[in-house]
Amino acid sequence: MSKHPAGGYLAAGGYLAAGGYLAAGGYHPAGQKELHSDWAIIAQDQLAEECRKTESLSQLEELRVRTLGKKGQLTALLRRLGDLPSEQRRDAGARLNHLKQSLEAILAARAEVLEEAAISRRLLAERVDVTLPGFQVRVGHRHPLCRTLEGIEDIFLSLGFDIVEGPEVEWDSNNFEALNMPAEHPARDMWDTYYITERMLLRTHTSPVQIRTMKTRKPPIRVIAPGITYRHEAIDATHMDIFYQVEGLVVDRGISFANLKGVLSLFVAEAFGPERITKFVPSYFPFTEPSAEMMVSCGLCGGEGCSGCGHSGWLEIMGCGQVHPQVLRNCGIDPEDFTGFAFGMGVERIAMLRFNIPEIRLFLENDSQFLKQFP
Ligand SMILES: [Zn+2]
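Here the sequence shown is numbered in this note's numbering, starting from 156 and rising by one per residue.
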């Protein structure tokens, strides 16, 4: 104790010496020296000094454990209280508890300082300079074909049509036979076909989805069938061997060619604008009778004639016609009772007309210089 007369240690603090319960008690001469050195170590001033030197909360915690922890120095002393004679125990206990509270307060005060310093350091490290220019994030957008297809779907949905889908690998029977083209029928030459087996092929149009629909639904039927189709075409500026189609089918009692013209004229007005005029030119398909090609006036020349429309003033946009009675019969629908019309258009062709794109292959090349022109 006398080693630290001015250090403010416990002994110097007065209460141990004055209390005399350990040093003066003399009842425990063997433990006396040991106890004295413990007192010295855990003295308030020394702890305060050590506290000041800690630079982090973990260092402070180490100090707390060493002093007040389960195996800490003060804890060890508290355990030894029981060794004291009962008349001294109470006083010593009170002093030790008082000391404990003082040490806890010192530790808590230092913890507060260290926490604030840690927060300040973190705020400084994480500081964001809001005046720096930002990085521009490149954002993708819908492919022009998707936008065109969705636009077509929206128009027919608003007219009360359902969207139906079917497999791209199809039976010959759905792709040709049920559509009034038995095997060896010369009309099959209109579709250069990728065969997988003798009876299975990559669908050449989405018409087989109409067959599947008529076989499973009872009229009235109002559907469109969008999807990918395949043809063994020589690839050029306007032909690909893979392309999107949207076909439509209406079957009900009393459906006439006038209904066909009305619905498709509404579609063109919505898709291309009400100023475009249309006409229907007789044509041939094995699965419709009568059949027609629908033409729309050229948007570039307004019908005057230009290179975009082959100087005709007209652009062909889809094939259509009244559903052939044999097709209805093939699907179990009585043509004496029900009639219908059907139509089909190439989505690429509609997109080319809509965006004035001269080359069909651009759609599949994934050239960002091309695609970013259609945000
Ligand atoms: Zn033109």
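Here a beta-carbon is modelled for each residue, glycine too, at the ideal position from N, C-alpha and C.
None of the values given here were measured: they were computed from a predicted structure.
Tell me where the alpha helix (DSSP H) around residue i begins and ends.
i, result
"K373", "No alpha helix (DSSP H) contains K373, which DSSP labels as neither H nor E."
"M507", "502-510"
"L212", "212-223"
"P299", "299-313"
"V292", "Note, V292: premise wrong, no alpha helix (DSSP H); not H, not E."
"S462", "Element bounds for S462: n/a, residue is neither H nor E."
Using a threshold of 8 Å, state whether the C-beta atoms of residue i and residue j are closer than that.
i, j, result
"A333", "G403", "no"
"I488", "V406", "yes"
"E323", "R358", "yes"
"G476", "S446", "yes"
"T368", "V378", "yes"
"I505", "I472", "yes"
"V502", "L304", "yes"
"I364", "V401", "For the record, residue 364 in the displayed sequence is Val; it is not Ile. Not closer than 8 Å, so no."
"R265", "T209", "yes"
"L470", "L517", "no"
Give me the Cα-Cα distance between residue i and residue j, rounded to the nearest whole angstrom.
i, j, result
"G454", "I397", "26 Å"
"L239", "Q214", "34 Å"
"M500", "R282", "58 Å"
"A231", "A272", "33 Å"
"A203", "L236", "25 Å"
"L519", "F525", "11 Å"
"G169", "G227", "Residue placement at G169 is flagged as unreliable, the pLDDT there being 31, under the threshold of 50; a coordinate-derived value is accordingly withheld."
"D595", "I366", "Outside the shown range of the chain (156 to 530) lies residue 595, about which nothing can therefore be said."
"I474", "V418", "What sits at residue 474 in the sequence shown is Gly, not Ile. Distance between the alpha carbons of G474 and V418 is about 14 Å."
"M450", "G465", "13 Å"
"D492", "Q481", "13 Å"
"K527", "F422", "27 Å"
"D246", "R207", "30 Å"
"V285", "L279", "14 Å"
"S241", "G248", "11 Å"
"S420", "G321", "27 Å"
"Y182", "S275", "Residue placement at Y182 cannot be trusted, given a pLDDT of 35 that sits under 50; what the coordinates show is reported in the next sentence. Going by the C-alpha atoms only, they are around 53 Å apart."
"I351", "A338", "16 Å"
"S362", "N521", "28 Å"
"E459", "S438", "24 Å"
"L312", "P288", "46 Å"
Assuming residue i is part of the beta strand (DSSP E), what are its boundary residues?
i, result
"D327", "D327 -> not in any beta strand (DSSP E); alpha helix (DSSP H) instead, spanning 327-330."
"Q477", "469-478"
"A447", "443-452"
"G403", "397-407"
"T209", "It is not in any beta strand (DSSP E) - T209 carries neither H nor E in the DSSP assignment."
"V436", "433-440"
"H356", "According to the sequence shown, residue 356 is Leu rather than His. Element bounds for L356: 355-357."
So the candidates are the options; which of them puts its Cα closest to the Cα of residue i?
i, options, result
"I261", "L314, S241, E205", "E205"
"F427", "V220, I274, D200, I307", "I307"
"Q201", "L212, L254, E353", "L254"
"I515", "A249, E267, T368, H394", "H394"
"L258", "D344, Q199, A249", "Q199"
"W346", "E444, K370, Y385", "Y385"
"C486", "N329, C461, S438", "N329"
"G409", "P490, N252, L223, L212", "P490"
"P513", "F412, A392, T222, V319", "A392"
"L483", "T209, K434, T443", "T443"
"L414", "L314, G295, G460, N511", "According to the sequence displayed, residue 414 carries Asn and not Leu. Nearest option by C-alpha distance: L314."
"Y126", "N335, F331, S462", "Not covered by the structure: residue 126. The range shown for the chain is 156 to 530."
To the nearest whole angstrom, what separates the beta carbons of residue i and residue j, a pair I think is in contact under 8 Å?
i, j, result
"Y399", "P375", "With 8 Å as the limit, Y399 and P375 do not qualify as a contact, their Cβ atoms being about 26 Å apart."
"V478", "G457", "V478 to G457, Cβ: 34 Å. No contact."
"W326", "R354", "6 Å"
"H298", "P441", "Between P441 and H298 the Cβ distance is about 33 Å, and since that is not below 8 Å, they are no contact."
"L233", "L251", "6 Å"
"L212", "L269", "5 Å"
For ligand 3, is there any heavy atom lying closer than 7 Å to the beta carbon of residue i?
i, result
"G428", "With respect to small molecules bound, the structure shown includes ligand 1 and not ligand 3."
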